[in-house]
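To keep things clear, I will list the structure first and then write my remarks on it.
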DNA sequence: CATGTCATCCCTCTTTAGAGGGGTATGGAA
DNA sequence: TTCCATACCCCTCTAAAGAGGGATGACATG
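Residue numbers (the working numbering), protein chains in the order written: chain A, 1 to 209; chain B, 1 to 209.
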């Protein structure tokens, strides 16, 4: 290996402290370096295009453009890009969507340096990296049925506290149809009523406040 | 000032990366040092008792014992302790409770080093530190009426998706009383129904999932 | 072409939610 | 003590919510 063939990393996180921490952690490793720091998704995209890093370490919850959106964009524009998601547990749905979006790995912010560094190296080398516990939750996730886009849309209005009739108006459908969607939401999420549906969806990351 | 009279800081955060970041940040300042690192509230208490730091920098969302609980405990056992809350925006109610719990300051994880370092120095020197935007949100908070402990309790059951009758059973009251509490919750939070009450309470940090 | 999924619409029926009144007992503040 | 907030109880009534059926057109996939 050439001495200057370091793994060039882009980090994207809206928390300044986290960015410092990542830079500090990476700088302890001689074979990697942080070449760009972004505080939001849009900035991450810009910097990726400019720096063309070997690895993008991206937080899920960021302003302007979410980690998921950013990952999708990066992978679309740079199909060879290696993306590792770093987050403070945002629910199974987010993990699933991150991997669907093309991320090769997923690490939690609580994981120690001994776990993080190998993840960085692994994903930069083109391999996948998904912690066992995350993988198992991902498996159990599949036991729940997938919500359709329309159902998610209804769920979002539901979270605002709208009544069926109001949801019907905003979505330009009838109250009957709203009730139908609600019925399938309740059965798919295996909950008893709309309020539990909202909290369950929030916990699983299907919707956000 | 004596050369070795550094500000001795205890940091408590469940995210390893954040702890690294804080250590890295603090180490850039010659007059302060991190003397203890805790990954949860209980550990923070232990280490505080052992190290007796000049300042405790505490995250709000931690396992085992929350930042609020930890702050209350620390302030009870060490009335002279200086506590600075560090968090990723957890809703107005949390900020309010943190300050009620005896914390002298409040900083957001997104704030830059130029803002964080003065906050550390200020609180360690016995002064208060509350960002302007946080202070203004705190003021607007007071326009909402305070929920009683019982109402918060009902709200928590509400978030589980329980029906009025079920809530009544778990709290050993009648359904009528549950409805009464619900009525005052709806009016105090200025929302139309139970579902909106739950999301509003989550946003304001009155309850958590 | 058949099958399946999605989104839409419709009806009935029972239970629940929420608005509107009423009241009592307690314990702290004025 | 008088006042006020809290917590508890009760009743009625209307409008929702949610469970149960059945049905259609669009569109993709086998």
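Quick reminder that beta carbons are idealized off the backbone N, C-alpha and C, glycines included. All values reported here derive from a predicted model rather than from experimental measurement.
For residue 106 of chain B: DSSP bridge partner residues | Taking the second chain and counting its residues from 1, one reaches residue 106 of chain B at position 106. In the DSSP output, where bridge partners are listed per residue, residue 106 of chain B has B:85.
Over the uninterrupted beta strand (DSSP E) stretch that includes residue 37 of chain B, give me the two end residues.
-> Along the second chain, read from residue 1 onward, the residue named residue 37 of chain B stands at position 37. Residues 32-38.
By Cβ distance, which residues of its chain are closer than 7 Å to residue 89 of chain B, with the 5 residues on each side in sequence left out?
-> The residue labelled residue 89 of chain B in the question sits at position 89 within the second chain. The beta carbon of residue 89 of chain B lies closer than 7 Å to those of 108 in the same chain, with the five residues before and after it left out.
Is residue 7 of chain B helix, strand or coil by DSSP?
-> For the purposes of this step, residue 7 of chain B is taken as the residue at position 7 of the second chain. Strand, per DSSP.
Cross-chain neighbours of residue 113 of chain A in chain B, by beta carbon under 8 Å = Residue numbering aside, residue 113 of chain A sits at position 113 when the first chain is read from its first letter. What residue 113 of chain A touches in chain B: 16 and 20.
Give me the Cα-Cα distance between residue 87 of chain B and residue 166 of chain A, rounded to the nearest whole angstrom.
-> The residue you call residue 87 of chain B lines up with position 87 of the second chain. The residue you call residue 166 of chain A lines up with position 166 of the first chain. Using only the alpha carbons, I get a separation of about 36 Å.
In terms of residue numbering, what span does the alpha helix (DSSP H) encompassing residue 124 of chain B cover?
-> Residue 124 of chain B sits at position 124 when you count from the first residue of the second chain. In the DSSP annotation of this structure, the continuous segment of the alpha helix (DSSP H) that includes residue 124 of chain B starts and ends at 113-124.
Return the CA-CA distance between residue 155 of chain A and residue 196 of chain A, expressed in angstroms with no decimal places.
-> In the first chain, residue 155 of chain A corresponds to position 155, counting from 1. In the first chain, residue 196 of chain A corresponds to position 196, counting from 1. Near 11 Å, if we compare the C-alpha coordinates of residue 196 of chain A and residue 155 of chain A.
What in chain A is Cβ-close to residue 125 of chain B, meaning under 8 Å?
-> By one-based count along the second chain, residue 125 of chain B stands at place 125. Chain A residues near residue 125 of chain B: none, gap ~22 Å exceeds 8 Å.
Out of B:78, B:134 and B:69, point me to the one whose CA is closest to residue 49 of chain B's CA.
-> Within the second chain, residue 49 of chain B is the residue found at index 49, counting from 1. Taking only the C-alpha atoms, the option nearest residue 49 of chain B is B:78.
Where does residue 56 of chain B fall in DSSP's three states?
-> On the second chain, position 56 is the one that residue 56 of chain B refers to. Strand, per DSSP.
Please name the residue in A:80, A:76, A:200 and A:161 whose C-alpha comes closest to that of residue 190 of chain B.
-> Position 190 of the second chain, counted from the first residue, corresponds to residue 190 of chain B. That would be A:161, whose Cα lies nearest to the Cα of residue 190 of chain B.
Which whole-angstrom value describes the C-beta separation of residue 9 of chain A and residue 47 of chain A, a residue pair presumed to lie in contact below a C-beta threshold of 8 Å?
-> Position 9 of the first chain, counted from the start, is the residue given in the question as residue 9 of chain A. Position 47 of the first chain, counted from the start, is the residue given in the question as residue 47 of chain A. Rounded, the Cβ-Cβ distance is 11 Å, inconsistent with contact.
Just the Cα atoms here: how many angstroms apart are residue 202 of chain A and residue 157 of chain A?
-> The residue you call residue 202 of chain A lines up with position 202 of the first chain. The residue you call residue 157 of chain A lines up with position 157 of the first chain. The straight-line gap from Cα to Cα measures roughly 13 Å.
Mind checking the segment 152-165 of chain A against chain B and listing, in chain order, the residues whose C-beta falls within less than 9 Å of any C-beta there?
-> 158, 159, 160, 161, 162 and 163
Taking 7 Å as the cut-off, decide whether the C-beta atoms of residue 106 of chain B and residue 130 of chain B are in contact.
-> On the second chain, position 106 is the one that residue 106 of chain B refers to. On the second chain, position 130 is the one that residue 130 of chain B refers to. Contact flag set, yes.
Please state whether DSSP places residue 42 of chain A in a helix, a strand or coil.
-> Numbered from 1 along the first chain, position 42 holds the residue referred to as residue 42 of chain A. Helix.
The segment 169-200 of chain B: which residues have C-beta closer than 9 Å to a C-beta of chain A, in chain order?
-> Listed by position, the residues of the segment 169-200 of chain B near chain A (Cβ gap below 9 Å) are 191, 192, 193, 194, 195, 196, 197, 198, 199 and 200.
Do residue 178 of chain B and residue 168 of chain B have their C-beta atoms within less than 7 Å of each other?
-> Here residue 178 of chain B refers to the residue found at position 178 when the second chain is read from its first residue. Here residue 168 of chain B refers to the residue found at position 168 when the second chain is read from its first residue. Going by C-beta atoms, residue 178 of chain B is nearer than 7 Å to residue 168 of chain B.
Step through the CB atoms of chain A and report whether any lies within less than 7 Å of the CB of residue 203 of chain B.
-> The residue labelled residue 203 of chain B in the question sits at position 203 within the second chain. Closer than 7 Å to some Cβ of chain A, the Cβ of residue 203 of chain B qualifies, so yes.
Look at the alpha carbon of residue 114 of chain B and the alpha carbon of residue 104 of chain A, and state the distance between them as a whole number of angstroms.
-> Here residue 114 of chain B refers to the residue found at position 114 of the second chain. Here residue 104 of chain A refers to the residue found at position 104 of the first chain. So the alpha carbons of these two residues sit roughly 35 Å apart.
To the nearest angstrom, how far is it from the Cα of residue 153 of chain A to the Cα of residue 198 of chain B?
-> Position 153 of the first chain, counted from the first residue, corresponds to residue 153 of chain A. Position 198 of the second chain, counted from the first residue, corresponds to residue 198 of chain B. If I take the Cα positions, the gap works out to 19 Å.
Just tell me which of A:84, A:60, A:45 and A:183 has its CA closest to the CA of residue 76 of chain A.
-> Sequence index remark: in the first chain, residue 76 of chain A carries index 76 (1-based). The shortest C-alpha separation from residue 76 of chain A is found at A:45.
So is residue 44 of chain A in contact with chain B if we call contact Cβ pairs under 7 Å?
-> Along the first chain, read from residue 1 onward, the residue named residue 44 of chain A stands at position 44. Not one chain B Cβ lies under 7 Å of residue 44 of chain A.
Within 10 angstroms of its Cβ, does residue 146 of chain A collect 16 or more other Cβ (buried), or is it exposed?
-> Mapped onto the first chain, residue 146 of chain A falls at position 146. The residue is exposed, with fewer than 16 neighbouring Cβ atoms inside 10 Å.
From the DSSP output, in three-state form, read off residue 12 of chain B for me.
-> Walking along the second chain from the start, residue 12 of chain B turns up at place 12. In the structure shown, residue 12 of chain B sits in a strand (DSSP, three-state: E or B).
Tell whether a beta-carbon distance below 7 Å holds between residue 42 of chain B and residue 64 of chain B.
-> For the purposes of this step, residue 42 of chain B is taken as residue 42 along the second chain, with counting starting at 1. For the purposes of this step, residue 64 of chain B is taken as residue 64 along the second chain, with counting starting at 1. Closer than 7 Å, so yes.
With 16 as the cutoff for other CB atoms within 10 Å, does residue 128 of chain A come out buried or exposed?
-> The residue labelled residue 128 of chain A in the question sits at position 128 within the first chain. So residue 128 of chain A counts as exposed.
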